[in-house]
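**Student:** Be aware that the sequence shown starts at 901, since it is given in the numbering used here, and climbs by one per residue.
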Amino acid sequence: MIIATTEHIGGYTIVENLGVVTGNIVQSKHVGRDIMAGLKTIFGGEIRGYTEMLSEARDNAQARMLEQAQTLGADAVVGVRFTSSAIMDGASELMVFGTAVKIRRS
901 MIIATTEHIG GYTIVENLGV VTGNIVQSKH VGRDIMAGLK TIFGGEIRGY
951 TEMLSEARDN AQARMLEQAQ TLGADAVVGV RFTSSAIMDG ASELMVFGTA
1001 VKIRRS
């Protein structure tokens, strides 16, 4: 399946719009990561534990979106966007959304 942040995919024509598809995950912090994050705020540098956590959350949310698109029979998802928000202290939601479409080569 093709995933694009653009509204069009070069070399293809959108032949059917199947609707908006989404995927999301709510991720909480881990105590061990919080301790290391606290140290990093003192000494500086990348907080790898959080980077890995957010990368995993992004991958899971995207997989959920693609699963929904496949259920609709989509060939691609266009206009893909990511957003995040704080749900509560220590937990954040990561959401991905786009438009599921059927395409054909131009």
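For every residue, glycine included, the Cβ atom is placed at its ideal position computed from N, Cα and C.
Report whether the distance from the Cβ of Leu972 to the nearest heavy atom of the ligand GTP is below 7 Å.
**Tutor:** Here there are no bound small molecules, and the ligand GTP is not part of this structure.
**Student:** In angstroms, rounded to a whole number, what distance separates the CA positions of Val926 and Gly910?
**Tutor:** In this structure, the straight-line span from the alpha carbon of Val926 to that of Gly910 is close to 34 Å.
**Student:** When burial is assigned at 16 or more other CB atoms within 10 Å of the CB, is Val978 buried or exposed?
**Tutor:** buried
**Student:** What's the gap between the Cα of Tyr912 and the Cα of Val1001?
**Tutor:** 11 Å
**Student:** Could you have a look at Met953 and say whether DSSP puts it in helix, strand or coil?
**Tutor:** helix
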